Amino acid sequence: MQEEKFISEFWKSNERSNFSKEATVLFFYLIYIWKNENKPEKFYVHPASLLCKVRGFTVKDVLSASKELQERNYISFTAPEKDWCSGEYSLCMERAGQEKEITANGK
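Everything in the sequence shown is counted per this note's numbering, starting at 2 for the first residue and increasing by one.
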């Protein structure tokens, strides 16, 4: 799925079941990082890199938003083992929104 379709699917999924504001901010921040790093399959983001750009975010917010996006199949996320390390992310462009659709249909 191309980037534009990925974003479009995000907004369609948001209409069915709203994302939290933290998940929305994180989603677009991850796309920004992914593009700036030449679209790698996996990339690493430290919560502090987002916290210094968005007022009011906490590490807990970033981790919660990561979990929300992962549950809805927009990202794959591996939390860091230590607080000072970066989490591993990848964008799930081909599977975006599928988990939510299955849940919504009761299957």
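Using N, Cα and C, we set each Cβ at its ideal position, and we do this for glycine too. Since the structure is predicted, the reported quantities are computational estimates derived from the model, not experimental observations.
Bridge partners - residue i, DSSP secondary structure assignment
i	result
G113	Residue 113 lies beyond the residue range present for the chain, which begins at 2 and ends at 108; the question has no answer from this structure.
I76	L92
Closest residue to residue i among the options (Cα-Cα distance)
i	options	result
S9	S65, Y75 and N37	Y75
S77	S91, K83 and H47	S91
Where residue i falls, given that 16 or more other Cβ within 10 Å makes a residue buried
i	result
Y33	exposed
W85	exposed
W35	buried
Own chain partners of residue i with C-beta closer than 8 angstroms, once the 5 adjacent residues on each side are dropped
i	result
L51	V26, L27, Y30, F58 and V63
Same chain, Cβ closer than 6 angstroms to residue i, neighbours up to 5 away in sequence not counted
i	result
A66	E23, A24 and L27
P48	V60 and V63
Range of the contiguous alpha helix (DSSP H) that encloses residue i
i	result
V26	K22 to N37
R17	E4 to R17
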